[in-house]
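Just so we're aligned, residue -15 is where the sequence shown starts under this note's numbering, counting upward by one. A virtual CB, placed ideally from N, CA and C, is assigned to each residue, including glycine. Beneath this line is the structure, given in structure tokens, with notes to follow.
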Amino acid sequence: MRESVAAALGANLDDDPWRERPLDRVAAFCFADRLGTLLWRCKYQNDAKAYKPASLLLARELPQGMTLGFRRRLASQALTEWIFPVCRRCFGAKEVVIGNLRATCPACNGLGLHRWGDLERARAVKIRDVARIGRHFVRLSTVLAEFDRSVAAIVRAQLERLQ
Ligand SMILES: [Zn+2]
-15 MRESVAAALG ANLDDDPWRE RPLDRVAAFC FADRLGTLLW RCKYQNDAKA YKPASLLLAR
45 ELPQGMTLGF RRRLASQALT EWIFPVCRRC FGAKEVVIGN LRATCPACNG LGLHRWGDLE
105 RARAVKIRDV ARIGRHFVRL STVLAEFDRS VAAIVRAQLE RLQ
């Protein structure tokens, strides 16, 4: 765990053991609540055991009016998209090799990210009403994006302190 955070921060783990390190602050933030802990383990530690509990907790962010099974499928899909956002063709490289030439990846137009459409999401969560899918993902994407923003803000602040 410390090694992965240290790598993200470019920090040295050989510091004085009694001094508070930047990565200690990042870790403290990430482990401030259960969902944050699980999200960190899923995305940054590739911990498969954290996926199911993270998905179940994320499902609680959706309105109670939907069936539990539907909320769980939506949360699982949102989590999968968040953990593995890269383009399925170039795997994030943004370009592909065609013959002897390198070209901008035609699947993602050089973004390196997979573009999920409502139809693809609807199929993944097994619903026919494609029009409903988008707004559900807005809520889940907001939760996941807030986590990313908070982690990035803390990492940035710590990096500024190191300079
Ligand atoms: Zn691509």
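| request: Label residue 33 either buried or exposed according to how many other C-beta atoms from any shown protein chain fall within 10 Å of its C-beta, with 16 as the threshold for buried. | output: exposed
| Can you pull the DSSP bridge partners for residue 19? | Looking at the DSSP assignment, residue 19 forms no beta bridge with any residue, so it has no partner.
| query | Given residue 74, which residues of its chain have a CB within under 8 Å of its CB, disregarding the five upstream and five downstream residues? | reply | 80, 89, 91, 92 and 96
| query | Which stretch, first to last residue, makes up the alpha helix (DSSP H) that contains residue 41? | reply | 35 to 43
| task | Report the residue from 129, 101, 141 and 143 whose alpha carbon sits nearest the alpha carbon of residue 188. | result | This structure cannot speak to residue 188, because the chain is shown only from -15 to 147.
| message | Would you say the beta carbon of residue 140 is closer than 7 Å to some non-hydrogen atom of ligand 1? | response | Not so, every heavy atom of ligand 1 lies at least 7 Å from the Cβ.
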